[in-house]
Amino acid sequence: MIGDYALPAALAVTLPGVLAWLAGRRFGLAGLLAVMILIGVIAVIGWNLTRDVLTGDDQLRRSSIIFFVVVPGIVSVVLGAIAGFWEAHRRRL
Numbered sequence: 059m060i061g062d063y064a065l066p067a068a069l070a071v072t073l074p075g076v077l078a079w080l081a082g083r084r085f086g087l088a089g090l091l092a093v094m095i096l097i098g099v100i101a102v103i104g105w106n107l108t109r110d111v112l113t114g115d116d117q118l119r120r121s122s123i124i125f126f127v128v129v130p131g132i133v134s135v136v137l138g139a140i141a142g143f144w145e146a147h148r149r150r151l
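In this note's numbering, each residue carries its 1-based index in the sequence shown increased by 58.
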């Protein structure tokens, strides 16, 4: 089951983090704040999408996508934005 999500998880960890790092590096604090606003919007949308109760295989599939793809992607975005902002801050000093 984990193997089914290997490629999406790898992409979710890599691409959003790199894009957030570039945005944080390019726009500084504005890029970091934009990423945080994006994460907030994703959280509200995700909360509305997962309110219904599923059973069996549907619930297993949804929780697998959340834990193997969505959560690593969000962590990647946040850490990438922080690293990009930190690098932009260091370059300005």
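Where a beta carbon is used, it is the ideal one built from N, C-alpha and C, also for glycine.
{"Check": "Proximity winner among LEU65, LEU73, ASP110, relative to VAL133 (alpha-carbon distances)", "Outcome": "LEU73"}
{"Check": "Contacting residues, own chain, Cβ-Cβ under 6 Å from ALA70 (five flanking each side not counted)", "Outcome": "VAL127, PRO130, GLY131"}
{"Check": "LEU151 beta carbon less than 8 Å from that of GLY75", "Outcome": "no"}
{"Check": "Residue span of the alpha helix (DSSP H) that contains THR113, given as start and end", "Outcome": "Unbroken run through THR113: none, as it is neither H nor E."}
{"Check": "Three-state secondary structure assigned by DSSP to GLY138", "Outcome": "helix"}
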